[in-house]
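Asker:
There are 2 protein chains.
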Amino acid sequence: MKRWNGWGDDNTGYPLPQPAQAYLEQKLGRGSAPPDVALETAVRRVPAAPLPGHPLITTDPVDRLLHAAGQSLGDWINLRGGTVPCFPDGVAYPLTEDDVRQLLAYAQKTGAMVIPYGGGTSVVGHLSAPEGDRPVLTVDMGRMNGLIELDQDNHLADFQAGVRGPDLEAALRARGFTLGHYPQSFEYSTLGGWVATRSAGQLSLAYGRIERLFAGGRVQTPEGDLELPAFPASAAGPDLRDFILGSEGKVGIISRATVRVTALPERETFLAAFFPGPDSGMAAVRALARSSMSLAMLRLSLPEETATNLALAGGGRLIDLLNRYLAWRGAGPDKCMLLYGAVGGGKEVNRALRRAAVIIKEHGGVPVGARPGHEWRKNRFRVPYLRNVLWEKGYAVDTLETATTWSRVEQTVAAIETALRDGLKESGEQVHVFTHLSHVYPQGSSIYTSYLFRIDADPGETMRRWQLLKGAASRAIVRCGGTISHQHGVGLDHRSYLAAEKGTLGLEMIRSVCKTADPAGIMNPGKLVP
Amino acid sequence: MKRWNGWGDDNTGYPLPQPAQAYLEQKLGRGSAPPDVALETAVRRVPAAPLPGHPLITTDPVDRLLHAAGQSLGDWINLRGGTVPCFPDGVAYPLTEDDVRQLLAYAQKTGAMVIPYGGGTSVVGHLSAPEGDRPVLTVDMGRMNGLIELDQDNHLADFQAGVRGPDLEAALRARGFTLGHYPQSFEYSTLGGWVATRSAGQLSLAYGRIERLFAGGRVQTPEGDLELPAFPASAAGPDLRDFILGSEGKVGIISRATVRVTALPERETFLAAFFPGPDSGMAAVRALARSSMSLAMLRLSLPEETATNLALAGGGRLIDLLNRYLAWRGAGPDKCMLLYGAVGGGKEVNRALRRAAVIIKEHGGVPVGARPGHEWRKNRFRVPYLRNVLWEKGYAVDTLETATTWSRVEQTVAAIETALRDGLKESGEQVHVFTHLSHVYPQGSSIYTSYLFRIDADPGETMRRWQLLKGAASRAIVRCGGTISHQHGVGLDHRSYLAAEKGTLGLEMIRSVCKTADPAGIMNPGKLVP
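From first to last, the protein sequence lines are chains A and B. Those letters in the first sequence? Residues 0 to 529, by numbering that gives the first Met the number 0. Those letters in the second sequence? Residues 0 to 529, by numbering that gives the first Met the number 0.
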């Protein structure tokens with residue numbers, strides 16, 4: 000069953016080897032988490048719902064608890080500590096677009112606010128119910144999950160937007176196609192959610208971000224349906240798809256989405272190489288991003304992440320051997336691991352990887368073959384499960400990300416890491432911080448930073464630590480001129496940093512679009528542009 | 000000097016060989032154009048301007064006449080017949096962003112409406128002054144044409160947005176870079192104009208449309224400046240660049256634009272092949288568009304265009320030989336010419352072209368080598384000059400374009416061509432119509448149709464013919480589900496067809512963005528979304 004207060008299925012674990020635990024103890028001190036609040040206890044804290052009855056809506060407190068939060072660390076702290084501040088008053092599971100239309104009409108009539116809900120994987124507070132007197136209805140799109148049509152002539156597929164990653168790929172793969180969109184949340188997140196939050200997948204270098212894959216569809220708004228025809232391209236004024244991409248539920252509910260699909264590639268290969276340090280590694284990925292070879296992935300772990308990953312892998316003889324081999328080849332304590340891959344025809348993949356190897360060697364990189372790439376591929380959607388076991392060991396994990404131009408990457412990484420590392424100095428707590436670059440462009444790169452700190456016995460104190468750290472890192476991003484999000488969106492957690500990049504006038508423009516489709520402001524209130 | 004009532008520099012001709020003229024006479028009958036109204040006469044018809052004085056604004060009637068129209072066929076008919084209905088009351092040539100700010104303040108104070116003007120190459124009526132009592136100020140951005148900064152570290156270049164194609168490329172090429180954006184209007188159109196109209200260049204297969212190249216910049220609006228930071232990518236809500244792309248001057252004046260640039264390629268090679276008919280040709284370009292090889296251009300002329308191009312090339316022994324060789328290889332009267340090209344490193348270009356040749360041959364194509372590609376490359380920006388000489392011979396030429404999914408291409412081409420071919424039946428006039436596909440995507444293709452008809456002695460009758468044809472073809476596009484423009488925009492000429500693809504709600508969303516930046520509605524009134 001899906002965990003109600005953690006990540007993923009509760010039958011799937013991610014055991015932490017003993018040396019990994021020792022590594023963290025050495026970094027952060029011994030951890031210990033207070034016992035989680037039980038589901039039954041949490042459910043008892045859900046207040047009675049003031050929502051008028053409707054055949055499509057349940058007010059069952061379990062449904063309401065399960066839809067009260069997403070997957071941000073703040074959400075976790077609230078769920079596990081029993082401190083979720085607000086709950087939706089009802090949850091609906093529409094099966095058809097007509098159901099969605101009825102639910103929007105109901106909300107308009109009753110004055111309820113509407114929170115669209117895809118897979119529940121938001122890490123920035125998209126799903127939280129706002130405080131206040133107005134009733135709140137969460138619309139869970141998870142049962143609108145079918146393939147409507149695969150148009151093989153035009154390489155387009157039309158889905159109900161609540162479809163999750165695995166179901167979407169299964170429907171396409173059965174017919175020889177793929178979307179190729181693999182965010183880390185792939186197993187739970189939905190097509191509609193990807194569009195609403197401008198998601199980027201692990202192979203975006205080959206397939207593009209969701210912006211490129213989303214060809215059209217239908218958005219159901221309080222003011223009626225918005226149809227987005229799937230033209231291959233158009234110059235007929237502003238493209239309305241771009242008013243929906245990143246709209247975070249504030250314009251309406253994306254009920255169906257047409258996506259651009261690709262014939263299934265013959266092969267996917269992922270390899271690894273190590274660089275002596277971050278400078279050579281970054282120079283190499285920049286050169287690779289600018290080359291015209293068709294790579295599908297470039298992911299460079301900076302030194303601390305490289306060391307952490309090797310430690311979490313459990314050490315042992317093989318890792319020792321690898322470390323010694325790499326040190327002999329010049330990649331010592333500052334070494335950076337690069338994962339790189341290609342997808343396509345067998346010959347193409349070979350050629351792309353051969354040419355990549357040349358650039359890697361030119362920059363002092365040491366190829367180590369397919370094993371780490373194979374491991375990465377196997378675990379690519381399992382990493383979030385690590386959060387569960389770390390929590391049990393007493394460590395909170397959060398990640399945050401930005402993107403910036405190449406010349407600012409180094410200083411931005413340093414500013415974020417310093418803000419986090421020093422963020423709990425006042426309470427004498429350590430923070431373990433590490434970073435990788437996972438989406439690279441000719442102009443710059445995303446920066447993805449993970450940080451771990453000890454959970455306190457008091458959930459309020461853990462929350463305070465998290466907010467301190469998140470705030471310090473977000474301010475560092477803004478100060479360095481990065482975007483507040485490369486791939487997760489704005490929601491509640493990033494909204495106060497948005498003006499820095501959009502400006503007052505820009506925010507007003509976004510508000511005007513939302514207001515046109517939703518004059519009463521009932522859609523996902525408080526998020527993105529309050 | 001730049002022609003005031005035609006295309007391009009008046010020292011550049013495009014002589015029409017005798018056999019080409021005979022070909023047109025056979026298709027359309029002998030043509031004859033009435034004498035053009037002289038510049039002096041046209042200038043005398045420009046009425047006195049009611050505009051209050053301002054040091055940055057000239058009310059000289061020559062300036063006002065030269066800014067009264069673009070390059071649509073309707074514009075030509077009016078310019079050459081002396082029937083331009085309205086003129087801007089003043090023209091300003093700002094040199095700095097502060098000048099632009101002053102001009103917008105002046106417009107707000109005096110109640111003037113503002114038409115942003117780039118290179119004057121609009122073919123859809125973007126530049127026409129509206130009728131009515133309110134004064135109209137055209138802001139010609141052509142003197143804001145400098146490179147502000149080439150950021151080699153990040154492959155970004157920041158330009159004043161009035162820079163024209165050749166100046167932009169010269170500034171980049173001197174430092175080893177290129178933008179790679181080559182619309183046919185390249186010699187005159189400007190970076191700001193490309194952004195405002197969602198332009199597509201001839202090599203968009205390699206470099207992308209302007210949507211991909213435009214990274215950020217500044218838009219000056221009546222409500223203040225909108226800054227667009229040049230992030231490599233972002234998920235921080237809707238992307239404001241997409242509110243500006245296609246905004247056609249209605250949000251504000253794009254004063255600077257940051258673009259993504261690429262290292263100059265080692266080589267550019269363009270080749271040609273012929274297919275026995277449109278089916279095999281289209282199947283081949285579709286397969287090529289879906290292959291992952293790095294081609295830079297695919298342009299397929301359908302049979303009538305292939306025949307017309309060969310005829311306009313003047314026939315002669317070489318063309319005869321080619322025709323006989325092709326017929327012998329199976330490409331007879333229905334043959335279709337494909338131009339295809341690649342840019343990049345020498346080895347890459349060779350490999351891409353070799354692999355393309357395999358797919359071409361699989362579809363029955365006959366490669367004919369580099370000569371037609373070389374000719375195309377030499378004349379790629381000269382084709383519009385043909386309009387001048389054809390007009391002198393008594394023939395009006397217009398082009399229109401759309402994009403649609405692959406399965407609709409054939410029926411859409413047929414519907415457009417039939418609408419045009421039969422469009423003047425009532426007056427017994429012939430229309431010569433031909434089409435190519437110039438921008439291909441995995442999901443579909445652009446359709447670019449040219450049509451010629453005889454000019455009448457009465458400019459009013461020529462205008463009536465054009466409006467009949469343009470209307471019939473536009474309705475055919477809408478009926479077939481195509482976009483009303485793939486690469487030219489909306490302006491005046493396409494605005495009544497826009498609701499078919501945007502919907503009422505969609506149009507309101509676009510209006511709301513314009514209104515936020517321009518509450519008084521002074522920016523380019525009547526265009527896009529009146």
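Ideal Cβ placement from N, Cα and C applies to all residues, glycine included. Please read all numbers here as calculations on a predicted model, not as lab measurements.
Residues in the same chain with beta-carbon distance under 6 Å from I415(B), minus the five sequence neighbours each way, listed in chain order, please.
Answerer: Counting only Cβ-Cβ distances below 6 Å, and skipping sequence neighbours, we find T448, A472, A475.
Asker: Beta-carbon within less than 7 Å of L212(B)'s beta-carbon, same chain only, minus the 5 sequence neighbours each way: which residues are those?
Answerer: Within the same chain, L212(B) has close Cβ partners L178, H180, Y206, V258, R259.
Asker: In three-state terms, what does DSSP make of R208(A)?
Answerer: The answer is coil: DSSP assigns R208(A) none of H, G, I, E or B.
Asker: Do the region 124–136 of chain B and the region 146–154 of chain B touch if we need at least three Cβ pairs shorter than 8 Å?
Answerer: No, they do not touch.
Asker: Check whether the Cβ atoms of G393(B) and A37(B) sit closer than 8 Å, and answer yes or no.
Answerer: Result no, Cβ atoms of G393(B) and A37(B) do not sit closer than 8 Å.
Asker: Entirely within the region 172–239 of chain B and at least 4 residues each: give me those alpha helix (DSSP H) ranges in chain order.
Answerer: Listed in chain order, the complete alpha helix (DSSP H) runs (minimum 4 residues) inside the region 172–239 of chain B are 190–196, 203–206, 209–212.
Asker: Between V284(A) and I521(A), what straight-line distance do the alpha-carbon atoms span, to the nearest angstrom?
Answerer: V284(A) and I521(A): Cα-Cα distance of roughly 44 Å.
Asker: Which residues mark the beginning and the end of the beta strand (DSSP E) in which S340(A) is found?
Answerer: The question names Ser, but residue 340(A) is Gly in the sequence shown. 335–343 is the extent of the beta strand (DSSP E) around G340(A).
Asker: Have a look at the DSSP bridge pairing and note the partners of G89(B).
Answerer: G89(B) pairs with L136(B).
Asker: Could you say which of G164(B), G118(B), V90(B), G276(B) lies nearest to H362(B) if we only look at CA atoms?
Answerer: Looking at the Cα atoms, G276(B) is the closest of the given residues.
Asker: Whole angstroms are fine: how far does the CA of D517(A) sit from the CA of G251(A)?
Answerer: Roughly 8 Å between the two C-alpha positions.
Asker: Hey, could you find the ends of the beta strand (DSSP E) I252(B) is sitting in?
Answerer: Taken as a continuous stretch (DSSP letters only), the beta strand (DSSP E) holding I252(B) covers 252–259.
Asker: Could you tell me whether the Cβ of I253(B) comes closer than 8 Å to any Cβ of chain A?
Answerer: It does not: the Cβ of I253(B) has no partner Cβ on chain A nearer than 8 Å.
Asker: Can you check DSSP and say which residues form a bridge with E267(A)?
Answerer: DSSP, once it has assigned bridges, lists V342(A) as partnering E267(A).
Asker: When the cut-off is 8 Å and only beta carbons count, does I114(B) lie next to chain A?
Answerer: Closer than 8 Å: no.
Asker: Find the nearest neighbour of L244(A) within the set E247(B), S246(B), A111(B), A235(B), judged by alpha-carbon distance.
Answerer: It is A235(B).
Asker: Given 8 Å as the limit, is there contact between the region 404–418 of chain A and the region 16–35 of chain A, that is, 3 or more CB pairs closer than that?
Answerer: No contact exists between the region 404–418 of chain A and the region 16–35 of chain A.
Asker: Give the DSSP-derived three-state secondary structure of S445(B) in the structure shown.
Answerer: Of the three classes helix, strand and coil, the one that applies to S445(B) here is strand, per DSSP.
Asker: Counting C-beta neighbours from all protein chains within 10 Å, is the total for D457(A) 16 or more, i.e. buried, or is it exposed?
Answerer: With fewer than 16 Cβ atoms within 10 Å of its Cβ, D457(A) is classed as exposed.
Asker: State buried or exposed for Y187(B), treating a residue as buried only when at least 16 other CB atoms are found within 10 Å of its CB.
Answerer: Label assigned to Y187(B): buried.
Asker: Output, in sequence order along the chain, the residues in the region 166–196 of chain A whose CB is closer than 9 Å to any CB in chain B.
Answerer: Within the region 166–196 of chain A, the residues whose Cβ lies closer than 9 Å to some Cβ of chain B are T196, listed in chain order.
Asker: Looking only at DSSP bridge pairs, what is A262(B) linked to?
Answerer: Bridge partners of A262(B): F176(B).
Asker: Taking Cβ positions only, does S484(A) come closer than 8 Å to chain B?
Answerer: So yes, S484(A) belongs to the interface.
Asker: Once you ignore the five residues that flank T305(B) on each side, which residues in its own chain have a CB closer than 7 Å to its CB?
Answerer: Taken in chain order, the residues that qualify are K334, C335, M336.
Asker: Compare the C-alpha of R463(B) against each of G73(B), L64(B), G7(B), V396(B) and name the closest.
Answerer: Of the candidates G73(B), L64(B), G7(B), V396(B), the one whose C-alpha sits nearest the C-alpha of R463(B) is G73(B).
Asker: Given this structure, state the Cα-to-Cα distance separating P51(A) from G81(A), to the nearest angstrom.
Answerer: Near 27 Å, if we compare the C-alpha coordinates of G81(A) and P51(A).
Asker: Tell me which residue opens and which closes the beta strand (DSSP E) that M296(A) is part of.
Answerer: Here the beta strand (DSSP E) through M296(A) covers 296–300.
Asker: On the criterion of 16 or more Cβ atoms from any shown chain inside 10 Å, does S290(A) qualify as buried, or is it exposed?
Answerer: Buried, because 16 or more other Cβ atoms sit within 10 Å of the Cβ of S290(A).
Asker: By Cβ distance, which residues of its chain are closer than 7 Å to C479(A), with the 5 residues on each side in sequence left out?
Answerer: These residues qualify, in order along the chain: T403, R407, Q410, T411, A414.
Asker: Near T398(B), which residues of its chain fall below 8 Å by C-beta distance, leaving aside the five closest residues on each side in sequence?
Answerer: For T398(B), where only same-chain residues beyond five positions count, the Cβ hits under 8 Å are V122, Y447, T448, S449, Y450.
Asker: Among T109(A), N308(A), R354(A), P49(A), which residue has its Cα nearest to the Cα of P60(A)?
Answerer: When each option's Cα is compared against that of P60(A), the closest is P49(A).
Asker: According to DSSP, is M143(B) helix, strand or coil?
Answerer: In the structure shown, M143(B) sits in coil (DSSP, three-state: anything other than H, G, I, E or B).
Asker: What does a CB cutoff of less than 7 Å around T58(B) pick up in its chain, not counting 5 residues either side in sequence?
Answerer: Correct list, in chain order: A48, L50, D88, G89.
Asker: Would you list the one or two residues that DSSP bridges to I483(B)?
Answerer: Per DSSP, none; premise fails for I483(B).
Asker: Would you check if there are 3 or more beta carbon pairs closer than 8 Å linking the region 102–118 of chain B to the region 137–144 of chain B?
Answerer: They touch, by the three-pair rule.
Asker: What's the gap between the Cα of R217(A) and the Cα of R266(B)?
Answerer: Their backbone Cα atoms lie some 44 Å apart in a straight line.
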